[in-house]
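Protein chains in written order, with the working numbering: chain A, 1 to 545; chain B, 1001 to 1363.
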């Protein structure tokens, strides 16, 4: 592959294409921003392509100083690339920064990178590193540091390293492929992908992709807090809380555009929202991490207005196709047919989201293709189950004991029961549930959003993937997915996506009832702390007014 | 007396050994080890990764061998790494990697309590910090509960069947019949909510500055105990225990009041307050004394609900967290502490008997 060298100011051809599509109404503005910025177009330029001005910061001004207390689970820390909860990353965001960030409006913003660009077929990415960034131990932040992080991410021999899957186009035999990362000069690095992957830049915004110092070896980024950000940890007690303060010995590259707060305190109040409520009433917390269900309104009543993030997060009520009777596609489709997703959204999630279509691609994803949605026909469902000789079979739907997840599964099971099919519900406590989440025959799993539609499909439905809990193995699907992963053109890509989505429906992979909106409640004087679609808590930007 | 003490300590050791073995067995069944690996290395890791994690961290040996390691009678597992440094139970506990730098055995017998996997800290640190927090809660509970219970019990028991007795007994039964998770929630709704209960009234009258009268969450009590953040958890625990102790005191008091020597005293013309305070009280306190001593271990292990409800990280909360995350060594240490507390308080109550009632001998 030859790399077509373009200046940083030059725009990717596809970006102009997207802009036209957006003006024509084929792309929503949000989709346009995700796609264009993923190709290296700076957000203001992307807005410019649409003839719009980039949105300005809001009128309320941030005040320097002050401290904030936030309810959030504090879990025992470990190596960032093995993080499996956003909370683990959020604690460290004050000092561990990312190459790029995924914004609430769907765009991708440079952080430790200044800009990046892709070649025509998305196999070579040139990353320009932000000059003037320093680690808080005084070292300069260079291309070698970035290369070191790519090497860490590609190391599949580390248990639970979820970055390895995201970086597969750079890896070989579970290690970074020789020559995959080329250090051009101190501030430029070039990625040579083995196959086209448009998600590689977006993937470095994902929470386990925190950029660590080359000296970092252990598994505790709190004990060894070398980073590029403006904060540092003061204390970290698992299950109790963490305190973070502004680092007085370090000059942040982005000084003046953040680090308003002197101190932020995370308080772990357990999983019961009633306890958070009591703490908020007593003035012990200023904002919640995430509020669900009835508590969104309850917190508003006591003077903590809500902020909403529209997301592609969902609950996947999936079948495991390796286990009887779900190895039979007719059984899977019949059960899908018995469930009306709208009713599940209303009863299971208080209508706090939008209806989904059982194929795990969301309208907010840029490549979403509109295809005829799932059919709701309980009579047909019962007939199909009987035709398969399972009229007396008792199905079992397993869920975790979480409030909304259990309610959603209850409403799925209730509809299946109403269709005349025997089903029982089993609710497992969190500690037991995760032991076997990949292997339950029929259960529900919470999936957080990824910015691009192909990303979750790559993680969850490709044959043999570690997180393929549906046991879905379909060669045609894999091939189409590979194809989609390398298509820069939106329309061409959407054509492939339509086929992929259709396979998901034809194969009856899962009941995916709705896309969730996420909520957070914060006191009115807390600024820049709106809920983020991927649960990011970038407290370096939070402020008090 | 010495023989008595020695026997008691012996019983204590045997009990602790049996209990820890049961805990060890239950926390080391394969499914539990898998939970542990997943909480440690990532909740979504594959089965192969679970197996490799368990193997690398010494969990693949026979259960009895590992119980021996924990006790300090078996040699800790070791493994030589590719670069020549050593890993093993004792290397991890002493924090060294040089071959030969760590002792061969490192268990309870050598003074190593192990590391908590949930909190990533030495068990001894976790237990002592959390025990301290529960200690404060218990202290205040006892300060509130014991005098109240004794006063209520004695007042109710000194004139059996009187109106005072009926009123106080009703109160005592009601309070002990209300579980903590009910009374705690009622207290929070009544006193610590800005929208219902007493607080909005007080705010509208201008009597309090903040939105609520009491804090419905005791987390801030970790940094500094105030009346406002500690009153609700203390009251919730104290009220439940109080009714119980008061009932025992009342029963004991009524029995003493029917004794011959009390009648003799009355016939001699001793005043009623004098009879109660000087002749009846001491004898009436024997039964409640045991019950109060029994309340201490109960408080230690039974405050789980209250500590979780008010998110106060004490011993009960730690037990809950350790059990939920299958933190083997923390659970073992917690059970040792629980056995110690039960037996020590019973020892104190047995010895205390002797002073309360000269007719009883320890031997």
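Built from N, CA and C at the ideal position, the CB exists for glycine as well.
All values derive from a computational prediction rather than experimental measurement.
Just to confirm the assignment, what range does the alpha helix (DSSP H) spanning residue 482 of chain A have? Locating residue 482 of chain A in the first chain gives position 482, where the first residue counts as 1. Unbroken alpha helix (DSSP H) run through residue 482 of chain A: 475-485.
Quick check on residue 1119 of chain B - is its C-beta less than 9 Å from some C-beta in chain A? Numbered from its first residue, the second chain carries residue 1119 of chain B at position 119. Yes, residue 1119 of chain B counts as interfacial toward chain A.
Provide the residue(s) that pair with residue 1296 of chain B in DSSP beta bridges, ordered along the chain. As a position in the second chain, residue 1296 of chain B is number 296, starting the count at 1. Residue 1296 of chain B pairs with nothing; no bridge assigned.
Output the boundary residues of the beta strand (DSSP E) element that contains residue 1079 of chain B. Residue 1079 of chain B sits at position 79 when you count from the first residue of the second chain. Unbroken beta strand (DSSP E) run through residue 1079 of chain B: 1078-1080.
Unbroken stretches of the alpha helix (DSSP H), 4 residues or longer, contained in the region 1176-1223 of chain B: 1180-1191, 1198-1205, all fully within the region 1176-1223 of chain B.
9 Å is my cut-off, CB to CB: does residue 84 of chain A come that close to chain B? Locating residue 84 of chain A in the first chain gives position 84, where the first residue counts as 1. Cβ-Cβ to chain B under 9 Å: yes for residue 84 of chain A.
Taking 9 Å as the threshold (C-beta atoms), are residue 349 of chain A and residue 232 of chain A in contact? Walking along the first chain from the start, residue 232 of chain A turns up at place 232. Walking along the first chain from the start, residue 349 of chain A turns up at place 349. Pairing residue 232 of chain A with residue 349 of chain A gives a Cβ-Cβ distance that is not under 9 Å.
Can you give the beta carbon distance from residue 405 of chain A to residue 411 of chain A, rounded, assuming they're within the 8 Å contact cut? As a position in the first chain, residue 405 of chain A is number 405, starting the count at 1. As a position in the first chain, residue 411 of chain A is number 411, starting the count at 1. About 11 Å; that fails the 8 Å criterion.
Could you work out which residue in A/276, A/283, A/50 is closest to residue 291 of chain A when comparing CA atoms only? The sequence position of residue 291 of chain A within the first chain is 291, counting from 1. It is A/276.
Members of the region 1289-1318 of chain B near chain A, C-beta cut-off 9 Å: Result list: 1308, 1309, 1310, 1311, 1313, 1317, 1318.
Find the nearest neighbour of residue 171 of chain A within the set A/191, A/355, A/183, judged by alpha-carbon distance. Within the first chain, residue 171 of chain A is the residue found at index 171, counting from 1. That would be A/191, whose Cα lies nearest to the Cα of residue 171 of chain A.
Mind listing, in chain order, the continuous alpha helix (DSSP H) runs of no fewer than 4 residues lying wholly within the region 190-268 of chain A? With a minimum length of 4 residues, the continuous alpha helix (DSSP H) runs that stay inside the region 190-268 of chain A are 200-203.
When you compare the CB of residue 1186 of chain B with every CB in chain A, is at least one pair closer than 9 Å? As a first step, residue 1186 of chain B must be located in the second chain, where it is residue number 186. Taking Cβ atoms only, chain A never reaches closer than 9 Å to residue 1186 of chain B, which makes this a no.
Less than 8 Å between the CB atoms is what I'm expecting for residue 503 of chain A and residue 496 of chain A, so what's the real figure, rounded? Taking the first residue of the first chain as 1, we reach residue 503 of chain A at position 503. Taking the first residue of the first chain as 1, we reach residue 496 of chain A at position 496. That belief does not hold up - the Cβ atoms of residue 503 of chain A and residue 496 of chain A are roughly 11 Å apart, past 8 Å.
Quick test of the definition: if touching needs 3 or more C-beta pairs under 8 Å, does the region 1171-1178 of chain B touch the region 1232-1251 of chain B? Taking one beta carbon from each stretch, the region 1171-1178 of chain B and the region 1232-1251 of chain B have 3 or more pairs nearer than 8 Å; the two touch.
Would you mind reading off the limits of the beta strand (DSSP E) that contains residue 110 of chain A? For this step, residue 110 of chain A is matched to residue 110 along the first chain. Element bounds for residue 110 of chain A: 108-110.
Kindly indicate which residue of A/110, A/539, A/78 has the alpha-carbon position closest to the one of residue 127 of chain A. Along the first chain, read from residue 1 onward, the residue named residue 127 of chain A stands at position 127. Relative to residue 127 of chain A, the option among A/110, A/539, A/78 whose CA is nearest is A/110.
Using a Cβ cut-off of 9 Å (strictly closer), state whether residue 1216 of chain B contacts chain A. Locating residue 1216 of chain B in the second chain gives position 216, where the first residue counts as 1. Closer than 9 Å: yes.
Just the C-alpha distance for residue 8 of chain A and residue 42 of chain A, rounded to the nearest angstrom, thanks. For this step, residue 8 of chain A is matched to residue 8 along the first chain. For this step, residue 42 of chain A is matched to residue 42 along the first chain. Unreliable positioning characterises residue 8 of chain A in this predicted model, as indicated by a pLDDT of 39, which lies under 50. The coordinate reading is nonetheless provided below. Going by the C-alpha atoms only, they are around 10 Å apart.
Counting only runs of 3+ residues fully inside the region 314-398 of chain A, write out the beta strand (DSSP E) ranges in chain order. Segments of the beta strand (DSSP E) lying fully in the region 314-398 of chain A: 353-355.
Residue 1335 of chain B - containing alpha helix (DSSP H), residue span: In the second chain, residue 1335 of chain B corresponds to position 335, counting from 1. For residue 1335 of chain B, the uninterrupted alpha helix (DSSP H) run begins and ends at 1328-1356, by DSSP.
Chain A contacts from the region 1085-1113 of chain B (Cβ-Cβ distance under 8 Å): Of all residues in the region 1085-1113 of chain B, none comes within less than 8 Å of chain A when Cβ atoms are compared.
Residue 1192 of chain B burial status per 10 Å Cβ neighbour count (16 or more: buried): Numbered from its first residue, the second chain carries residue 1192 of chain B at position 192. The Cβ neighbour count for residue 1192 of chain B, taken over all protein chains shown within 10 Å, is at least 16; the residue is labelled buried.
Going straight from the alpha carbon of residue 537 of chain A to that of residue 362 of chain A, what length do you get? If you number the first chain from 1, residue 537 of chain A lands on position 537. If you number the first chain from 1, residue 362 of chain A lands on position 362. Roughly 23 Å separates the two Cα atoms.
From A/252, A/149, A/74, pick the residue whose C-alpha is nearest to that of residue 133 of chain A; which is it? Looking up residue 133 of chain A in the first chain gives position 133. Of the listed residues, the one whose Cα sits closest to residue 133 of chain A is A/252.
Among A/531, A/87, A/139, A/180, which has the Cα closest to the Cα of residue 123 of chain A? As a position in the first chain, residue 123 of chain A is number 123, starting the count at 1. The residue from A/531, A/87, A/139, A/180 with its alpha-carbon nearest to that of residue 123 of chain A is A/180.
Give the DSSP-derived three-state secondary structure of residue 548 of chain A in the structure shown. Residue numbering for chain A in the displayed model covers 1 to 545; residue 548 of chain A lies beyond these limits and cannot be assessed.
Mind checking the region 169-180 of chain A against chain B and listing, in chain order, the residues whose C-beta falls within less than 9 Å of any C-beta there? Within the region 169-180 of chain A, not one residue has a Cβ closer than 9 Å to any Cβ of chain B.
Would residue 421 of chain A pass as a contact of residue 381 of chain A if the rule is Cβ separation under 9 Å? As a first step, residue 421 of chain A is located in the first chain; it is residue number 421 there, counting from the start. As a first step, residue 381 of chain A is located in the first chain; it is residue number 381 there, counting from the start. Their beta carbons are under 9 Å apart, which means residue 421 of chain A touches residue 381 of chain A by this criterion.
Check whether the Cβ atoms of residue 447 of chain A and residue 271 of chain A lie closer than 9 Å to each other. Within the first chain, the letter at position 447 stands for residue 447 of chain A. Within the first chain, the letter at position 271 stands for residue 271 of chain A. Not a contact, by the Cβ cut-off of 9 Å.
Please confirm whether residue 1052 of chain B has its beta-carbon closer than 9 Å to some beta-carbon of chain A. Taking the second chain and counting its residues from 1, the one referred to as residue 1052 of chain B is at position 52. Chain A contact via Cβ: present.
Over what stretch of residues does the beta strand (DSSP E) that includes residue 115 of chain A continue unbroken? Indexing the first chain from 1 puts residue 115 of chain A at position 115. In the DSSP assignment, residue 115 of chain A falls within the unbroken beta strand (DSSP E) covering 113-118.
Any alpha helix (DSSP H) of 4 or more consecutive residues that is wholly inside the region 156-181 of chain A: The region 156-181 of chain A contains these whole alpha helix (DSSP H) runs: 163-166.
What residue does the alpha helix (DSSP H) around residue 540 of chain A start on, and which one ends it? As a first step, residue 540 of chain A is located in the first chain; it is residue number 540 there, counting from the start. For residue 540 of chain A, no alpha helix (DSSP H) run applies, since DSSP gives it neither H nor E.
How would you call residue 1334 of chain B, buried or exposed, if buried means at least 16 neighbouring beta carbons within 10 angstroms? As a first step, residue 1334 of chain B must be located in the second chain, where it is residue number 334. Buried.
Give a yes or no on whether 9 Å exceeds the smallest Cβ distance from residue 343 of chain A to chain B. Position 343 of the first chain, counted from the start, is the residue given in the question as residue 343 of chain A. Under the Cβ distance rule, residue 343 of chain A does not count among the residues neighbouring chain B, no pair being separated by less than 9 Å.
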